[in-house]
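Per the UniProt record's numbering, numbering of the sequence shown is gapless, rising by one per residue and ending at 890.
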Amino acid sequence: TAPKDPAAPPLGDTCGSIPESWRFDCYPERGVIVTRELCEARNCCFIPASSSSSSSRPPPSGGNGVPWCFYPADFPSYRLVSINDTSLGQKGTLVKEVRTYYPADILTLEVDLRHETDTRLHVKITDPSNPRFEVPISVPAATKKAESPDYLVEVSRQPFGLVVRRRSSGVVLLNTTVAPLFYADQFLQMSTSLPSPFVYGLAEHRSSFLQEVRWNTLSLWARDVPPMEQANLYGAHPFYLLMEDGGAAHGFFLLNSNAMDVSLQPAPALTWRTIGGILDFYLFLGPDPASVVGQYLEVVGRPAMPVYWALGYHLCRWGYGGTNATWETVRHLRNYGIPQDVQWNDIDYMDRKLDFTLDSNFSSLPDMIADLHAHHQRYVLILDPGISSTQPEGSYWPYEDGMKRDVFIRDWEGNVILGKVWPGLTAYPDFSNAETHEWWYDSLKRFHQKVPFDGLWIDMNEPSNFLEGSTKGCPSTSLENPPYTPGILGGSLKSKTLCASAQQKLSSHYNLHNLYGLMEAQATASALKRIVPKRPFVLSRSTFPGQGMYSGHWLGDNKSRWKDMYTSIAGMLTFNLLGIPLVGADICGFQEDTQEELCVRWTQLGAFYPFTRNHNDLSSKAQDPTVFSPLARTAMRDALLLRYSLFPLLYTLFHHAHVKGHTVARPLMFEFPKDVRTYGIDRQFLWGRSLLVTPVLDPGVDHVVGYFPEGLWYDYYTVRRRHGRARPAGRARGDSIRSKGEEVNLHAPLDKLNLHLREGSVTPTQTPNLTLWASSGQPLHLLSALSDDGRASGDLFWDDGESLDTYESGQYAAIAFSVAQNTMTSTVLHSNVEASYITVETASFYGVKQRPSRVLVNSQEAVFSYRDNQVMTVADLGLKLSQNFTISWV
């Protein structure tokens, strides 16, 4: 029998002695007024919470508050009746004698403990008598038991539970003995204590980056709804990362695609409630947060390497009205010298909003695309999954071909289920069917021959439905009305989507709903690679674990409000730790008219989203940079040019995400896990380990307060003082900040975004141009931010930017830069012809404490400059990146 978590209340407690924070909800159903009679009918404790004890009647259940109805310590649960060793760990049998209050209790279970790696524990709890739905994503199969695991697993027999400790510290990472285990046909519940309240992930919701643990229930069920608090949004990600005391981190992933609630409470503790599938979960030991993310992505899949132009500036709106207005906007950006890589169109390019059609006002779209391509720009268009079912016979081939090939989802009676989206009544492709993937490829190929798009935006793929379920409604079955319905917006599974009882090739929509966006992204990325054998660009609204292998994500239909700009940072950071680093929000806001100041500040922030797109809707005024005042337009242009100058850094960060599972946009706590003050920061972020972004997120200010973790931080603009940029205010008077871990007031006029380089880093940059194709051919400028002992390091990944699997096939260049003892060394780790034309033109070193007497480049004396802010610059180098070189000074 496992010892209990010391933080948890003793097992023998009576109802009255269980502290409020340790009360696990026995009546989580929404909207029910829980009385003593209802509660005690479930053999649970009923005690009004102290904060509400004066109320004459209990509050509705399922709310975010102290439960009045909660489990007693002796509530019936499973017991372990046998356990045996296996090649990977242990396998045991669980039995429950007493049925509980959800129908179809499964009384005998099998638990399989797999010690897969030293940092990954895998547990599956299944019904040994009947197969149940399991998520059809590929996960690694361990072949031998971990030899020296970082975890200790202790098994409690009565009641059954698992206690998992970190071997090095003894910290309890998982303790499922704190509340009873449920395993009924449509209700599975498992609780655990948490070693701290610092929980992240559990997307997709609009919230702060750090989740609230004070009675906070998060529902996971993909839903078409503009981002709002207390609502399940477009995707479902049952993964959390937790920071422990002392700076260690671990992660937990429940591999389950059914509708679920995740309830956090201040003990701290967490409860999973899902309405189908199995309990299939992983624990990742880290021990640092970056390692946790890497270990999670070893299971669900690391993100794809994006095509280079995906990292440029994208522009879209719903409401251009025709090719001419779209094309005119592109030309305006060129005329004002504003960089742009990609132009998009929303659904107005379609004839009557029908997929794979072209409105007459967009008949010249192929000519515009040819012009974009001539300027090394790209074109992306939108596709929704809903295929119109009401067109005259013989007039709409996507539907007719789909019917012939049986690719559409069917209802409970076996007929094609019809919903309603933009074109009217629609059928929905079943992307769990391999034939649907072929039909989708054929449809895309046929349309691409007419409109040679470069990437696809797949929207409305939760899937969205303007009806409740279907044109016929939904049947009254347990799939539509399960014994427990999580707290999803609308209160039912069919709300703004298809009937849960709808039938797909692989299973019911009840099981597959949350996977719809992932499966459509798989089909789309695969089709694009077949049409043009280069890296596909796909942007998806709905997401699930593993999505980063196939698509990026934007944060949905936001509003042109300052709050929406702020919350976008939390969304961006969350999706980076979920393995979907190509993420951003609609810059300047999608809905409502933006304001000039907001749009300038948002463009500055958006220039540092990994995915950068300005997009707004049909009823809003245009908001591309060209429509604003000269001052605002210049500020936006400068922000975008700054992004383009940092493309070598950004591209290298995406390479590390692809190969190692790293984050691109990174929370400060990832680099400073021992600094608790970083744990809640979501008004700043890092690119990689060393570039700190401190945006202005409030109106009418010319200063911004930023937190600087302990160390030496250099103003990014240090070498540009000669151009008259204003110096930062407060403690940052000068070109560097030496922080003990403190907030600093920074000067931030409307035309400035504060950026700082962390000591010990080498950052490669380039002179920006109007497209990344033009920028990426420019010479490199290396910025070395030296530590106090004169050290720095960095690297660069380079390839042709668009070919498939360049890293895997060796078609790339990798360069390592290091500075130590007054010498920079550039070392070619791997080389190919793609980097041979790139040169290093300039190297600047921040923090050279004394003026050198001379500088040597490859042992030859070179001209240099040195300024009183301790910046040394060596220009006109002309060094080939494909050859090792040194720069030293004495």
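Yeah, the Cβ is synthetic: ideal placement off N, Cα and C, and Gly gets one too.
Excluding five sequence neighbours on each side, which residues of the same chain lie with their C-beta closer than 7 Å to the C-beta of residue i?
i, result
"Ala729", "Low local confidence applies: a pLDDT of 32 at Ala729 is under 50, so the model's placement there is unreliable, with the coordinate-based value given in what follows. Here the set comprises His703, Asn745, Leu746 and His747."
"Gly711", "Ser739, Arg758 and Glu759"
"Glu802", "Val307, Tyr308, Lys534 and Arg535"
From which residue to which residue does the alpha helix (DSSP H) around residue i run?
i, result
"Cys474", "Taken as a continuous stretch (DSSP letters only), Cys474 belongs to no alpha helix (DSSP H), as it is neither H nor E."
"Ala657", "Phe647 to Lys660"
"Arg79", "Counting along the chain, Arg79 falls outside any alpha helix (DSSP H), though it belongs to the beta strand (DSSP E) covering Arg79 to Asp85."
"Asn511", "His509 to Leu512"
"residue 894", "The requested residue 894 does not occur in the structure, where the chain is confined to residues 1 to 890."
"Trp215", "Unbroken run through Trp215: none, as it is neither H nor E."
"residue 893", "No statement about residue 893 is possible, as the shown extent of the chain runs from 1 to 890 and does not include it."
"Ser291", "Pro289 to Val300"
"Leu365", "Leu365 to Ala374"
"Met519", "Tyr516 to Ile531"
"Arg677", "Unbroken run through Arg677: none, as it is neither H nor E."
For residue i, which residues does DSSP report across the bridge?
i, result
"Gly394", "According to DSSP, Gly394 bridges with nothing at all."
"Gly161", "Ser156"
"Thr274", "Leu188 and Met260"
"Arg120", "Thr117 and Phe284"
"Phe182", "Gln189"
"Ala820", "Thr823"
"Gln591", "Lys559"
"Val762", "Ser784"
"Arg738", "Leu712"
"Leu686", "Arg666 and Leu692"
"Cys316", "His615"
"Asp25", "Phe70"
"Asn754", "Thr694"
"His237", "BP columns for His237 are empty, so no partner."
Excluding the 5 residues preceding and the 5 following residue i in the sequence, name in chain order all residues of the same chain whose CB lies nearer than 6 Å to its CB.
i, result
"Val696", "Arg601, Val704 and Ala748"
"Gly517", "Asn461, Ser540, Ser542 and Thr543"
"Lys505", "Asp430, Ser432 and Asn433"
"Thr323", "Phe362, Ser364, Leu365 and Met368"
"His376", "Thr771 and Trp773"
"Ala304", "Met549"
"Asn415", "none"
"Ala41", "none"
"Glu204", "Leu233, Tyr234 and Gly235"
"Gly688", "Leu653"
Quick one: using the 10 Å Cβ neighbour count with 16 as the cut-off for buried, is residue i buried or exposed?
i, result
"His373", "exposed"
"Ala427", "buried"
"Gly16", "exposed"
"Thr652", "buried"
"Gly473", "exposed"
"Lys494", "buried"
"Leu879", "buried"
"Gln295", "buried"
"Asn754", "buried"
"His723", "At His723, the pLDDT of 32 sits below 50, so the modelled position is not reliable; the number obtained from the coordinates is stated separately. So His723 counts as exposed."
"Met565", "buried"
"Ser56", "With a pLDDT of only 43 at Ser56, under 50, the local geometry of the prediction cannot be trusted, and no value is derived from it."
"Ser82", "exposed"
"Gly386", "buried"
"Pro392", "exposed"
"residue 901", "As shown, the chain starts at 1 and ends at 890. That puts residue 901 outside it, with no answer to give."
"Ser52", "With a pLDDT of 47 at Ser52, under the threshold of 50, the modelled position of this residue cannot be trusted, and the question is left open."
Check for me: the beta strand (DSSP E) holding residue i runs from which residue to which?
i, result
"Ala792", "Ala792 to Trp798"
"Gln850", "Element bounds for Gln850: n/a, residue is neither H nor E."
"His437", "No beta strand (DSSP E) holds His437; the alpha helix (DSSP H) holding it covers Ala434 to His448."
"Thr873", "Val871 to Val874"
"Thr886", "Phe885 to Trp889"
"Trp554", "Gly552 to Trp554"
What whole-angstrom Cβ distance do residue i and residue j have, given they're in contact under 8 Å?
i, j, result
"Arg410", "Ile569", "Not confirmed; about 42 Å, so no contact."
"Pro226", "Gln591", "7 Å"
"Gly579", "Val300", "6 Å"
"Asp150", "Asp127", "The Cβ separation is near 31 Å, so there is no contact."
I'd like the list of long-range same chain contacts for residue i, defined as Cβ closer than 8 Å, with 5 residues on each side in sequence excluded.
i, result
"Leu485", "Rather than Leu, the amino acid found at residue 485 in this sequence is Thr. Taken in chain order, the residues that qualify are Glu29, Arg30, Ala259, Ile275, Gly491, Ser492 and Leu493."
"Ile511", "It should be noted that the sequence gives Asn, not Ile, for residue 511. Same-chain partners within the cutoff: Phe133, Ser257, Asn258, Gly276 and Gly277."
"Tyr441", "Ala523, Ser526, Ala527, Arg530 and Ile531"
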